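Residue numbers (the numbering used here), protein chains in the order written: chain E, 1 to 275; chain R, 1001 to 1214. One structure below.
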Amino acid sequence: MSTRRIKRFSKLDQGFHVALMLTFLIQSATGFCRLFITSPWGETLTGLFGGYETSYVIHRVVGFIMIGGFLLHLVYLLSKVNWNNLKQSILGPDSLVPNLEDARHLWQRLLWFFGLGPPPRLDRWAYWEKFDYWAVFWGLPLLAITGLMLMYPVRTSAVLPGWSLNVAVLLHRAEAILAISYIFIVHFFIGHLRPFSFPMNEAMFAGSINIEEAMEEKPRWVERLKTEGRLDAAMAAQPVPWYRVVYFVFGYAALAFGIYLLINAIAYSPYARLH
Amino acid sequence: MAAALALGLSLLPEIASSQEEVASSIRRYKDQEVSTGYYEEYEVKPRHELPLVGVPGVSRGIFPYRPSRAEVRIRTRLEDSHWGIKFYENRRCEECHVHETMDDHTVRANLTCRQCHGGEPIASIDHYYSPLNPIRRHAYVCAKCHEGASASFASYVVHEPPAGAEKTRTSFPTLYYAYWFMLLLLVFTLAVFIPHSFLVGLRELLGRKLKVGK
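Here it is, written out as structure tokens:
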């Protein structure tokens, strides 16, 4: 395989992803401490985080960090918009905003699944990558708002009826379960376990992908870079071996911890209550 | 001799009030109150008094109740909500109120029924004497733990109905619709993306095998 690589993510993108990974894993674990406290596994997990009260403190502090990170990302996102060429910036091929082309790619991919057509010729962002990205924009605000309501119930009841806290508990737990299920099943499979990515899709950690891989999965992106004469400028260096070791260990530790949480959550699901 | 006795006493541990071991690993109502919280076990037994008026099917009482219209006595406004129940003094709350013992206040905070509903006779929640009467619930009950609780805060439903149940559609519609919306969202998302991921993996595996075969 060639050692030529194309730059895919900036250092800041990578930083946001690592921060989201860490905070998401901590929130999942400390959230499960509360959700499963009545089960034997819940007690063990809670013990790892210093007990029921301490795990709650961690959950709240990390929640604030997540909210801060999300707001920071919004500022970053706005800074990336080319306000002089707004249409191209939002609807162009480098944008993560979904468009009709994504629907066409989904249809082509369905046909490809059953051997009824060639795979879609994807550009920079595949439709499932866009879904992964925008899912956070739905999930995180919902978790943040309901989390703040539950953190400050008396103040919340000054502006909303007290029964809204019943709904907030349900929404917070259900959305957390949805996010955890999606990340630990779908995202982990796409990122680590499918044949194209196995043993790990390094793009987010290395910041670049092998050009042959890019040609195979995202041929239109590589062609576009060539046509626009930007390919040489987009080339990136091979990540150094020690750094690869670090992110492989980190990535697999996250994967293992996520699967540990998922399996136990399924095993002890009779103890969990949505509200 | 006196000096030796004083020295001996000073070496003994300090005299302490009797204390109760608490087995729970999580927060307890006890933190907020001097009482042990175990009213039912240690402190209060229901009174053994005959009611003045009985209820249908129960022959106790000086003036047996004779329903003219209602067959079942509505118990939400009684001074003693358990009036006339057979063998009440030897029964525990959870024998009848099973669902009410499963909410977070009971399971997580280890609250006992009487800590909110008051001692015997336990008044119906809408009776004027009940601490849970909406006119004073926030101050008499909620504010014990939730400092500053308002009447709005007290509208939190401690004993929630099952969110997905049909009867909840009329009793707590927001909870009902929130539940079904989130459940459908979860099912739809996973029903689309799990097969999608599986098919991607399978197709890529087959594609690679074909490449190797060539």
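Glycine is no exception: its CB is placed at the ideal position from the N, C-alpha and C atoms. If you're wondering where the values come from, they're calculated on a predicted model, not measured in any experiment.
Taking 8 Å as the CB threshold, Glu101/E stays off the interface with chain R.
Cβ contact annotation for Phe205/E (same chain, cutoff 6 Å, sequence separation greater than five): Tyr247, in chain order.
At a cut-off of 8 Å between C-beta atoms, Met1001/R does not count as an interface residue with respect to chain E. Annotated as distal: Gly63/E and Ile183/E, with beta-carbon spacing of 8 Å or more. Spanning the alpha carbons of Phe114/E and Val75/E requires a straight line of approximately 42 Å.
When C-beta atoms of the segment 156-166 of chain E are compared with those of the segment 79-97 of chain E, fewer than three pairs fall below 8 Å, so the two segments do not count as touching. The C-beta of His275/E comes closer than 8 Å to at least one C-beta of chain R. Rounded to the nearest whole angstrom, the C-alpha separation of Gly51/E and Tyr1156/R is 27 Å. For Asn264/E, no chain R residue has a C-beta closer than 8 Å to its own C-beta; the minimum C-beta separation is roughly 18 Å. Leaving aside the five residues that flank Lys11/E on each side, the residues in its chain whose CB is nearer than 8 Å to its CB run, in chain order, Gly207. Checking the DSSP bridge columns, you'll see Ala1004/R has no partner listed. Burial state of Pro118/E is exposed, judged by a 10 Å Cβ sphere holding fewer than 16 other Cβ atoms.
Under the 8 Å criterion on CB atoms, Gly1148/R is classed as interfacial with respect to chain E. Where Arg5/E is concerned, the enclosing beta strand (DSSP E) starts and stops at Arg5 to Lys7. In the DSSP annotation of this structure, Asn166/E is not part of any beta strand (DSSP E); the continuous alpha helix (DSSP H) holding it starts and ends at Ser164 to Ser181.
According to DSSP, Ile209/E shares a beta bridge with Ile6/E.
Contact check for Tyr1140/R against Pro1131/R passes: the beta carbons are separated by less than 8 Å.
Residue state for Ala236/E is assigned as strand, using DSSP reduced to three classes.
No Cβ-Cβ contact shorter than 8 Å links Ile65/E with Thr30/E. A distance below 7 Å between beta-carbons, with the five flanking residues on each side excluded, links Ser28/E to the following residues of its chain, in chain order: Ile180 and Leu261.
Considering only beta carbons, the part of the segment 149-162 of chain E lying closer than 7 Å to chain R consists of Pro153, Val154, Ser157, Ala158, Pro161 and Gly162, in chain order. The beta carbons of Ala1163/R and Leu1175/R sit about 5 Å from each other, so the pair counts as a contact at 8 Å.
For Ile90/E, the enclosing alpha helix (DSSP H) begins and ends at Leu86 to Leu91. Taking all protein chains shown into account, Cys1096/R has fewer than 16 neighbouring C-beta atoms within 10 Å of its C-beta and is therefore exposed.
In this structure, the beta-carbon distance from Thr146/E to Leu171/E falls below 8 Å.
At a cut-off of 8 Å between beta carbons, Val1098/R makes no contact with chain E.
Taking a beta-carbon distance threshold of 8 Å, Tyr268/E does not count as an interface residue toward chain R.
Assigned with DSSP and collapsed to three states, Lys218/E falls in coil, not helix or strand.
A distance below 8 Å separates the beta carbons of His1159/R and Glu1100/R. Apart from sequence neighbours up to five positions away, the residues of its chain that approach Arg124/E with a beta-carbon distance below 7 Å are Pro93, Asp94, Lys218 and Trp221, ordered along the chain.
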